[in-house]
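Numbering of the sequence shown is given in the working numbering, commencing with residue 309 and proceeding in unit increments.
What follows is one structure encoded as structure tokens, with my remarks underneath.
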Amino acid sequence: MSQVSIPWLPRLQKNHLEVPSRATLERWIRWHRGNPGMDARVLPLVAALNARGIPTWGSCDGHPDTFPRGVWYPWVYLGDDDIIRDRRGVLRRRPEALRVDPIALERAVWELIRAWYAIREEPKDEIYPVISPLGISGSQALVPHGCFPGGGAHRVIGRHLGLKGRRDIYERAWREFDPFTQWLMHGTSPEGPVSPPAIDPRVAVRRGTSCT
Numbered sequence: 309m310s311q312v313s314i315p316w317l318p319r320l321q322k323n324h325l326e327v328p329s330r331a332t333l334e335r336w337i338r339w340h341r342g343n344p345g346m347d348a349r350v351l352p353l354v355a356a357l358n359a360r361g362i363p364t365w366g367s368c369d370g371h372p373d374t375f376p377r378g379v380w381y382p383w384v385y386l387g388d389d390d391i392i393r394d395r396r397g398v399l400r401r402r403p404e405a406l407r408v409d410p411i412a413l414e415r416a417v418w419e420l421i422r423a424w425y426a427i428r429e430e431p432k433d434e435i436y437p438v439i440s441p442l443g444i445s446g447s448q449a450l451v452p453h454g455c456f457p458g459g460g461a462h463r464v465i466g467r468h469l470g471l472k473g474r475r476d477i478y479e480r481a482w483r484e485f486d487p488f489t490q491w492l493m494h495g496t497s498p499e500g501p502v503s504p505p506a507i508d509p510r511v512a513v514r515r516g517t518s519c520t
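The following block contains the structure:
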């Protein structure tokens, strides 16, 4: 799982429906590859959202085999955290003026999802990307349809599904999330897992493999 504050969070922009430049995308990939808690498969999705001006503050690949630790499907927390780390490494509270409007954020992400499925015609599975609220905090998450992060119901559902069921949902979710990620990155949507563009090999790559 990744829950890291970014000092230069993207601001919501009117051009979020435009394909990001390669330089912008690579900048975000470099940033997230330097985060030791970032799961590898969700990294391109988070970087692509950030490159389009969508701020995020947590993410996970999904880990069906580690239940009850973590969840078995991918998720990305949208918006900005209350606490940020400035360029000197000092933790401080984010000024209200720098907070993202949650209504504008939700509208922007839904516009991306609708634009994607206007090209894809229709979801191949009912487990497609949607926005889900996170409790009463006002935060939101990008999750597979029918999956809602947090809450005691997770343990009940996870036990009921069993390992085979959790793995099935994980794979079906990524069959939709992978081409959605590709479209966010490049405006195209080939099938299969997504690989981010190659970047300077001198950049250290540190990846996490677990979700809390």
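C-beta: ideal position from N, C-alpha, C; glycine also.
Fair warning: this is a prediction, and the values are worked out from it, not measured in the lab.
### Query
Within this structure, are the beta carbons of Phe488 and Trp424 separated by less than 9 Å?
Yes, Cβ-Cβ distance for Phe488 and Trp424 is below 9 Å.
### For Ile411: DSSP bridge partner residues
In the DSSP assignment, Ile411 forms no beta bridge with any residue.
### Query
Going by beta carbon distance, what residues of the same chain come within less than 7 Å of Tyr478, once the five residues before and after it are set aside?
Cβ within range, chain order: Gly370, Pro372, Trp380, Tyr381.
### Query
In whole angstroms, what separates the C-alpha of Thr374 from that of Arg474?
Looking at the two C-alpha atoms, the distance is approximately 10 Å.
### Task
Go to Pro441, then tell me how far its beta strand (DSSP E) extends in each direction, as first and last residue.
Run containing Pro441: 437-442, per the beta strand (DSSP E) assignment.
### Query
According to the neighbour-count rule (16 or more other Cβ atoms, all chains shown, within 10 Å of its Cβ), is Leu333 buried or exposed?
Per the 10 Å Cβ criterion, buried.
### Query
Counting along the chain, where does the beta strand (DSSP E) carrying Thr374 start and finish?
Segment: none, Thr374 is in no beta strand (DSSP E) and carries neither H nor E.
### Gly549, DSSP secondary structure in three states
This structure gives no information on residue 549, because the portion of the chain shown stretches from 309 to 520.
### Message
By DSSP's criteria, Leu386 is part of a beta bridge. Which residues make up the other side?
### Response
For Leu386, which the question treats as bridged, DSSP gives the partners Thr364, Gln448.
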